[in-house]
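Visitor: This is the structure I want to talk about, given as structure tokens.
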Amino acid sequence: MNYHQILENIYMDIRPYAQVGKQADYIPALASVDPDQFGICINTLQGDEYALGQADTRFSIQSISKVFSLAYCMSILGDNIWLRMDKEPSGTAFNSLIQLELEKGYPRNPFINAGAIVMSDILLSHLSHPREDYIAFIREISHNDTINYNDVVVRSEESQGYLNAAIANLLKYYHNIDNDIADVLHFYFLTCSVEMSCKELSQAFLAFANHRQSFDYHGVSLTSSQVKRINAIMQTCGFYDEAGEFSYLVGLPGKSGVGGGIAAIYPSRYSVAVWSPRLNEKGNSVMGMKALELLTTETEESIF
Ligand code: DON
1 MNYHQILENI YMDIRPYAQV GKQADYIPAL ASVDPDQFGI CINTLQGDEY ALGQADTRFS
61 IQSISKVFSL AYCMSILGDN IWLRMDKEPS GTAFNSLIQL ELEKGYPRNP FINAGAIVMS
121 DILLSHLSHP REDYIAFIRE ISHNDTINYN DVVVRSEESQ GYLNAAIANL LKYYHNIDND
181 IADVLHFYFL TCSVEMSCKE LSQAFLAFAN HRQSFDYHGV SLTSSQVKRI NAIMQTCGFY
241 DEAGEFSYLV GLPGKSGVGG GIAAIYPSRY SVAVWSPRLN EKGNSVMGMK ALELLTTETE
301 ESIF
């Protein structure tokens, strides 16, 4: 497969979408990111890397971190994590409160904010050094020890995090948070603030594409069946109320973030990360989604 040529074609074909959508501005620090950027990187299981555009530029991974949190929590709790949250698609926005109230503080899945806030609570309870351990895991799975949090983004999100605070309070009311709410929210915002490039994200997600290989990074150890199940949840819940659309157009398990990044995998074949800050109304990258749709169309490779 000539992925290099395919990426060149995609780069041309997405140009008409360059001005569509706008970057997230409910987190003040993200509003100042130059919206006119695009990067993409593919890593194959054979060890090849194909990159184009601003694939070395780091951006805020935001909700893509929810995949790392799920891997960490599953390695600690195994299937007991499902005592704290479900694994069903939500069909609602990532920060919706409605369903959480109706379902009495039991989040629909780990990839909406409510699920990720509960996962932050789990990690705070089980890790002796949560801040250090979490980033050490991401550095090891990415083979890059310079990846870090952005404390400016943390403070920025904390200053405006009223909806997430409401979610955390509702969870606490329903006894689904053990730690202090402020500590849980701080750690949740920290996980979202991690900055990575497309090359680094794609490298990290190769571990999920390669589910037949042993998964053991900084003590986060999963069986191949557990990795497959994380991929299944990416397929059904990775794009909130646009999970069906992503499955329909792209057909790969993946996870998006409001920083404009999307990481996806083709099991046993490749991982891919794409980034462009302009988002659609569901909070997913416009050019990122289009690029991945073109990728699976041009390669005629899809898991379906
Ligand atoms: O909690 C928030 O709102 C952000 N830190 C993360 C949201 C996000 O990335 C949703 N993704 N599309």
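Under UniProt numbering, residues 1 to 304 are what the sequence shown spells out, in order.
Beta carbons are placed, not taken as given, at the ideal position from N, Cα and C, and that holds for glycine.
Quick caveat, the model's predicted, so the values are computed rather than measured.
1) Check each candidate in PRO130, PRO89, PHE137, ILE138 and name the one with the smallest Cα separation from ALA114.
2) What is the residue span of the alpha helix (DSSP H) that LEU30 lies within?
3) Can you tell me which of GLU281, GLY254, TRP275 puts its alpha carbon nearest to the alpha carbon of SER302?
4) Thinking just about the alpha-carbon of each residue, which of GLY244, SER159, SER224, THR146 is nearest to the one in THR92?
5) Report the three-state DSSP secondary structure of THR92 (helix, strand or coil).
6) Is GLU158 a contact residue of the ligand DON, with contact defined as CB to any heavy atom under 7 Å?
7) If PHE189 sits next to PRO130, beta carbons under 8 Å apart, how far is it from one beta carbon to the other, in whole angstroms?
8) Could you check what DSSP says for VAL194 in three-state terms: helix, strand or coil?
9) Taking 8 Å as the threshold, find out whether the region 51 to 61 comes into contact with the region 195 to 204 through three or more Cβ pairs.
10) Output the residue ranges of the alpha helix (DSSP H) runs that lie fully inside the region 104 to 149 and measure 4 residues or longer, sorted by chain position.
11) Whose C-alpha, out of HIS211, ILE230, TYR11, is nearest the C-alpha of LYS87?
12) In the DSSP output, which residue or residues are listed as bridge partners for TRP275?
13) Could you tell me whether any non-hydrogen atom of the ligand DON is closer than 7 Å to the CB of SER63?
14) Determine, using beta carbons only, whether VAL118 and ILE177 come nearer to each other than 8 Å.
15) Do PHE208 and VAL227 have their C-beta atoms closer together than 8 Å?
16) Which of helix, strand or coil does DSSP assign to LEU222?
17) For PRO28, I'd like the list of residues in its chain whose CB is within less than 8 Å of its CB, leaving aside the five on either flank, ordered along the chain.
18) For GLU49, does the three-state DSSP call read helix, strand or coil?
19) Quick check on DSSP: helix, strand or coil for GLY283?
20) Kindly indicate which three-state DSSP category LYS290 falls into: helix, strand or coil?
21) Please identify the residue among GLY251, MET196, GLY105 whose C-alpha is closest to the C-alpha of ILE135.
22) Under three-state DSSP, which class holds PHE239?
23) If you count every other CB in all the chains shown that lies within 10 Å of the CB of LYS104, and 16 or more means buried, which is it?
24) Under a three-way DSSP split, which group does ASP151 fall into?
25) Within this structure, are the beta carbons of TYR72 and PHE137 separated by less than 8 Å?
Guide: With the structure as the only source:
1) PRO89
2) 28 to 31
3) GLY254
4) GLY244
5) coil
6) no
7) Contact doesn't hold; Cβ gap of about 13 Å is too wide.
8) The answer is coil: DSSP assigns VAL194 none of H, G, I, E or B.
9) yes
10) As far as the region 104 to 149 is concerned, its whole alpha helix (DSSP H) runs of at least 4 residues are 113 to 126, 130 to 142.
11) ILE230
12) GLY39, GLY261
13) yes
14) yes
15) yes
16) strand
17) Cβ within range, chain order: SER156, SER159, GLN160.
18) strand
19) coil
20) DSSP places LYS290 in helix when its eight states are reduced to three.
21) The shortest C-alpha separation from ILE135 is found at MET196.
22) coil
23) exposed
24) Helix.
25) yes
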